[in-house]
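> Going down the list, the sequences are from chains A and B.
For the record, in the first sequence the residue sitting at position 50 is 68 according to the numbering used here, with numbers rising by one throughout.
For the record, in the second sequence the residue sitting at position 98 is 116 according to the numbering used here, with numbers rising by one throughout.
All residues carry an ideal CB built from backbone N, CA and C; glycine is no exception.
Because the structure is a prediction, the values reported are computed rather than measured.
Quick one: the structure is below, and I'll ask about it shortly.
Protein chains: 2
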Amino acid sequence: MPAPTPAPSASPVRRRAGRPTAAILDQDGITTAALELISSKGYDGLTMAALARTLGVAPSALYNHVSSKDDVLVLLEDHLAAMVDVSAFGSEPWEEAVRKWAWSYRDVFSEHTPLIPIIAVLPVANAPKTLAMYEAVTAGFRDAGFPEEKIISAIVAIEAFVFGAAYDVTAPADIFDAGTLADQVPNFTAAVDRLALEQHERPTDVAFSLGLEALITGFGALRG
Amino acid sequence: MPAPTPAPSASPVRRRAGRPTAAILDQDGITTAALELISSKGYDGLTMAALARTLGVAPSALYNHVSSKDDVLVLLEDHLAAMVDVSAFGSEPWEEAVRKWAWSYRDVFSEHTPLIPIIAVLPVANAPKTLAMYEAVTAGFRDAGFPEEKIISAIVAIEAFVFGAAYDVTAPADIFDAGTLADQVPNFTAAVDRLALEQHERPTDVAFSLGLEALITGFGALRG
Numbered sequence: 019m020p021a022p023t024p025a026p027s028a029s030p031v032r033r034r035a036g037r038p039t040a041a042i043l044d045q046d047g048i049t050t051a052a053l054e055l056i057s058s059k060g061y062d063g064l065t066m067a068a069l070a071r072t073l074g075v076a077p078s079a080l081y082n083h084v085s086s087k088d089d090v091l092v093l094l095e096d097h098l099a100a101m102v103d104v105s106a107f108g109s110e111p112w113e114e115a116v117r118k119w120a121w122s123y124r125d126v127f128s129e130h131t132p133l134i135p136i137i138a139v140l141p142v143a144n145a146p147k148t149l150a151m152y153e154a155v156t157a158g159f160r161d162a163g164f165p166e167e168k169i170i171s172a173i174v175a176i177e178a179f180v181f182g183a184a185y186d187v188t189a190p191a192d193i194f195d196a197g198t199l200a201d202q203v204p205n206f207t208a209a210v211d212r213l214a215l216e217q218h219e220r221p222t223d224v225a226f227s228l229g230l231e232a233l234i235t236g237f238g239a240l241r242g
Numbered sequence: 019m020p021a022p023t024p025a026p027s028a029s030p031v032r033r034r035a036g037r038p039t040a041a042i043l044d045q046d047g048i049t050t051a052a053l054e055l056i057s058s059k060g061y062d063g064l065t066m067a068a069l070a071r072t073l074g075v076a077p078s079a080l081y082n083h084v085s086s087k088d089d090v091l092v093l094l095e096d097h098l099a100a101m102v103d104v105s106a107f108g109s110e111p112w113e114e115a116v117r118k119w120a121w122s123y124r125d126v127f128s129e130h131t132p133l134i135p136i137i138a139v140l141p142v143a144n145a146p147k148t149l150a151m152y153e154a155v156t157a158g159f160r161d162a163g164f165p166e167e168k169i170i171s172a173i174v175a176i177e178a179f180v181f182g183a184a185y186d187v188t189a190p191a192d193i194f195d196a197g198t199l200a201d202q203v204p205n206f207t208a209a210v211d212r213l214a215l216e217q218h219e220r221p222t223d224v225a226f227s228l229g230l231e232a233l234i235t236g237f238g239a240l241r242g
């Protein structure tokens with residue numbers, strides 16, 4: 019048990035030993051440790067045992083805060099959702115609000131691609147920050163005159179585009195280099211070369227912008 | 019060493035022992051075994067050692083056919099690409115060709131979601147069937163009057179949508195059930211309930227169709 023007022027020289031040593039104090043065993047601490055685990059060992063590295071080890075606590079202490087790995091996933095889902103910018107819904111035109119939301123959403127998930135397969139299919143129940151994101155977006159669509167029965171489908175479609183585009187951000191620059199097979203695919207090779215000539219922005223941003231603007235225009239036409 | 023003409027009763031026993039004959043140690047056999055491994059143990063279960071075990075051969079025999087796990091991934095990429103339907107490019111109107119390609123692409127990957135994180139960022143060099151798919155699509159866009167410098171960006175955008183939508187096919191039906199938090203997100207809950215009332219097709223198909231048609235309309239307007 020640490021002394022109430024440890025000597026300044028003792029405290030760093032205690033912390034460097036890798037057993038954080040119980041003070042960080044809250045939802046934020048668990049979330050941070052889970053993200054660290056996934057980023058170092060991949061999603062399969064996230065187990066309750068490994069999480070307890072990372073936090074420097076006994077598994078039983080961890081189970082006082084989260085009852086299962088599913089609870090941890092909901093914390094991660096909420097952590098990422100809270101970073102997505104929905105502030106323009108209600109304050110800026112619908113088109114601009116969708117644009118800011120989608121770019122921000124893509125940027126957040128491009129930094130956390132190992133979580134995409136999980137979060138893309140994770141129920142939103144018990145995830146208050148995720149639900150708050152959906153509520154802001156839904157209200158923005160409704161207030162812009164979007165037919166209510168199409169709002170969820172439109173959100174799902176934009177999210178699908180965002181998740182796939184998040185992977186593309188992390189693709190290698192030479193992903194479309196046909197190499198020794200270039201002669202066999204002349205149209206493709208010419209189009210790839212032509213894009214390289216035109217390119218001023220990142221190719222992944224050009225593609226995202228092209229698709230997103232088509233979705234915004236197409237969905238915008240559905241408004242009453 | 020097996021007898022040249024084994025007795026009929028001996029042959030099945032030999033096969034049931036789980037060591038397939040060398041005859042199947044070709045690219046198709048390796049691809050099939052790799053897909054089996056991933057479907058039973060997840061993507062992390064795909065190692066050269068596990069693949070050799072599944073095929074019932076020594077790792078050295080496997081390395082005679084594929085020099086690394088990267089080679090196996092290219093086989094998988096090509097296997098899936100060959101299942102995607104590009105036949106309408108060149109024979110049907112551009113809109114219908116894109117539609118058939120995208121629906122088919124989504125359906126193939128919705129059956130193989132563990133491979134999405136890999137294939138979404140995998141270089142196409144050395145993947146002749148994948149390149150053949152891109153060549154057919156690129157030629158179809160070019161012949162339809164699509165500006166050459168935008169073809170790759172449009173393809174990347176549609177693929178992003180397809181990959182994300184493939185996950186959505188596998189999402190649980192209650193993914194948007196807000197549960198005990200429903201009262202806190204009234205607009206979202208109303209939109210989810212409204213969609214359920216309207217629904218005749220699968221919700222995932224309604225969302226995919228909505229997004230895809232917006233992309234086709236938006237990209238169609240870019241044609242000369």
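May I ask which residues mark the beginning and end of the alpha helix (DSSP H) holding Asp96/B?
87 to 101
> So that I know if they touch, is there some Cβ in chain B lying closer than 7 Å to that of Phe181/A?
yes
> So, for Val126/B: in the same chain, excluding its five sequence neighbours on each side, which residues have a beta-carbon less than 6 Å away from its beta-carbon?
Leu98, Met101, Val102
> Using Cβ-Cβ distances below 7 Å, what residues of the stretch 74 to 93 of chain B are close to chain A?
none
> Expressed to the nearest angstrom, what Euclidean distance is found between the alpha-carbon atoms of Gly158/B and Gly238/A?
28 Å
> Does any C-beta atom of chain B lie closer than 7 Å to the C-beta of Thr188/A?
yes
> Suppose you measure from the CA of Pro221/A to the CA of Gly182/B; what does that come to, to the nearest Å?
Taking the straight line from one Cα to the other gives about 19 Å.
> Among Ser105/A, Gln45/A, Val75/A, Ser109/A, which residue has its Cα nearest to the Cα of Leu91/A?
Gln45/A
> Distance, Cα to Cα, Met66/B vs His130/B?
20 Å
> Residues of chain B with CB under 7 Å from Asp195/A, in chain order?
Pro141, Ala143
> Taking three-plus beta-carbon pairs below 8 Å as touching, is the stretch 137 to 148 of chain B in contact with the stretch 192 to 211 of chain A?
These segments touch.
> Using the beta-carbon of each residue, which ones in chain B are nearer than 9 Å to Gly236/A?
Leu228, Gly229, Glu231, Ala232, Leu233, Ile234, Thr235, Gly236
> What first and last residue would you give for the alpha helix (DSSP H) that runs through Thr72/B?
Per DSSP, Thr72/B belongs to the alpha helix (DSSP H) from 66 to 73.
> Give me the residue from Arg160/B, Gly197/B, Ile234/B with the minimum Cα distance to Phe206/A.
Arg160/B
> Could you tell me which residues DSSP pairs with Gly110/B in its beta bridges?
Sequence check: residue 110/B is Glu here, not Gly. Beta-bridge pairing links Glu110/B to Phe107/B.
> Counting only runs that start and end within the stretch 110 to 184 of chain B, where is the alpha helix (DSSP H) found for 4 or more residues in a row?
Here the runs fully enclosed are 112 to 128, 134 to 137, 146 to 161.
> Output the boundary residues of the alpha helix (DSSP H) element that contains Leu213/A.
204 to 216
> Between Val116/A and chain B, is the shortest Cβ-Cβ distance under 7 Å, so that the two count as touching?
no
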